[in-house]
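Undergrad: Going by the numbering used here, the first residue of the sequence shown is number 3, and it counts up by one from there. Where is the CB? At the ideal position from N, CA and C, for every residue including glycine. In this text the structure is predicted, and so the values were computed from the model without any measurement. One structure is given below, represented as structure tokens, and several questions about it will come after.
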Amino acid sequence: MDNPDIFDRTARRLRRDRAAPDYAAHDFIRATMLDGIAERLDAVTRDFTDILDLGCFDGAFAAPPGARVARCDAGFAFAKGAGGVQGDEDRLPFADASFDCVICAGVLDQVNDLPGALTLIRRVLRPDGLFLGAFVGAGSLSALRSALRVAEQDRPVARLHPQIEVRSAGDLLMRAGFALPVADVETLNVGYGDVGRLLGDLRGMAATNVLAGRRPLGKAALAGLAQAFADAADEGGRTREKFKIVFLTGWSPDPSQPKPARRGSGTASLTDALKR
């Protein structure tokens, strides 16, 4: 029997379609992710010819010169606007070994079967192909989370998505079969004058609650949320919100890649090294 979905797939598609027309006004989180991915891609001393932009949003990812890019998004409007195809990350519509690079920015924290999605990403990569991903991870939206606890302390409801720790993200890469896996995290702090601006940004970037079985926030709770968020403001009247961006790097296995030394094959003594 299949496990029930964590996220409502239909709601997620509709939220992405709703965000598409004005996405450019709220894309600063993904823009930061794409900057980090571009830096990591520039550090690789090889060329890529066939790239998949998975979770493409408005197609802002700029491929290296000469590379062909296929784009895919769970939302119809984003996929159509970027000239791509519609598809969920854990149900990829591509054949194995179709690409030598996959980039995925801003969507892996909303995937029902994340281990399965990572496995599919590895499978659509050719041997020695590169995967670069980024998503909002554990420790993000701490101010909003705290204000929600105050506003709904009598009847708390899950309103924010489960968040993935950077160490767990690295473990997931290994579980999916990636070689040379790396997971690291960067922090982005943003000041908000009121919670409405934050919620507006989350709607605009298609990052609102799409949990299965979610419940609407009542008027009283919304008023309490606004007050609790305002109470956390600094002297300038701004509440600092935190976004923890987890970056992932992994390679599709290939015999040419460096391998760790066999256990017990070392010739140097740790004891002697410490004595020196």
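(1) Report all residues from its chain with a CB closer than 8 angstroms to the CB of T12; omit the five preceding and five following residues, and keep chain order.
(2) Within 10 angstroms of the Cβ of N191, are there 16 or more other Cβ atoms? Answer buried if so, exposed if not.
(3) In this structure, how does DSSP classify E91 when only helix, strand and coil are distinguished?
(4) Would a C-beta distance cut-off of 8 angstroms place A65 and I53 closer than the cut-off?
(5) For a test of the three-state rule: what should DSSP assign to M3, helix, strand or coil?
(6) K1: buried (16+ other C-beta within 10 angstroms of its C-beta) or exposed?
(7) By the three-class DSSP mapping on this structure, what secondary structure does P66 have?
(8) Sort D37, I8 and G252 by Cα distance to G131 and report the nearest one.
(9) In chain order, which alpha helix (DSSP H) runs of at least 4 residues are fully inside the stretch 155 to 210?
(10) Does the beta-carbon of D75 have 16 or more other beta-carbons within 10 angstroms, so that it is buried, or is it exposed?
(11) Is any heavy atom in the ligand SAH found nearer than 7 angstroms to the beta carbon of F50?
(12) Where DSSP assigns a beta bridge to T241, which residues make up the other side?
(13) Between which two residues does the beta strand (DSSP E) holding F137 run?
(14) Taking Cβ positions, are A84 and C106 nearer each other than 8 angstroms?
(15) Residues bridged to D98 by DSSP?
(16) Tell me the residue span of the beta strand (DSSP E) that contains I8.
TA: Let's see:
(1) Your numbering for residue 12 matches position 10 in the sequence shown. Nothing meets the Cβ criterion.
(2) As a first step, residue 191 is located in the sequence shown; it is residue number 189 there, counting from the start. With fewer than 16 Cβ atoms within 10 Å of its Cβ, N191 is classed as exposed.
(3) By 1-based counting over the sequence shown, the position of residue 91 is 89. Coil at E91, not helix or strand.
(4) As a working note, residue 65 is residue 63 in the sequence shown. As a working note, residue 53 is residue 51 in the sequence shown. Yes; because the gap between Cβ atoms is below 8 angstroms, this pair is in contact.
(5) Numbered from its first residue, the sequence shown carries residue 3 at position 1. Legend: pLDDT at M3 = 47, less than 50; position of this residue unreliable, value from coordinates given subsequently. Looking at M3 - three-state DSSP - the assignment turns out to be coil, as it is neither helix nor strand.
(6) Nothing can be reported for residue 1: it is not among the residues displayed for the chain, which extend from 3 to 278.
(7) Residue numbering aside, residue 66 sits at position 64 when the sequence shown is read from its first letter. In the three-state DSSP reduction, P66 falls in the coil class, being neither helix nor strand.
(8) Here residue 131 is taken as the residue at index 129 of the sequence shown, counted from 1. That would be G252, whose Cα lies nearest to the Cα of G131.
(9) Entirely contained in the stretch 155 to 210, the alpha helix (DSSP H) runs reaching 4 residues are, in chain order, 168 to 177 and 197 to 206.
(10) Residue 75 sits at position 73 when you count from the first residue of the sequence shown. Per the 10 Å Cβ criterion, buried.
(11) Absence of the ligand SAH is noted for the structure shown, with no ligands found whatsoever.
(12) Here residue 241 refers to the residue found at position 239 when the sequence shown is read from its first residue. Partner(s): Y194.
(13) For the purposes of this step, residue 137 is taken as residue 135 along the sequence shown, with counting starting at 1. Where F137 is concerned, the enclosing beta strand (DSSP E) stretches over L127 to V138.
(14) Reading the sequence shown from its first residue, position 82 is the one you call residue 84. Reading the sequence shown from its first residue, position 104 is the one you call residue 106. At a Cβ-Cβ threshold of 8 angstroms, A84 and C106 do not count as neighbours.
(15) Position 96 of the sequence shown, counted from the start, is the residue given in the question as residue 98. Answer is none; D98 lacks a bridge partner.
(16) Position 6 of the sequence shown, counting from 1, holds the residue named residue 8. Element bounds for I8: n/a, residue is neither H nor E.
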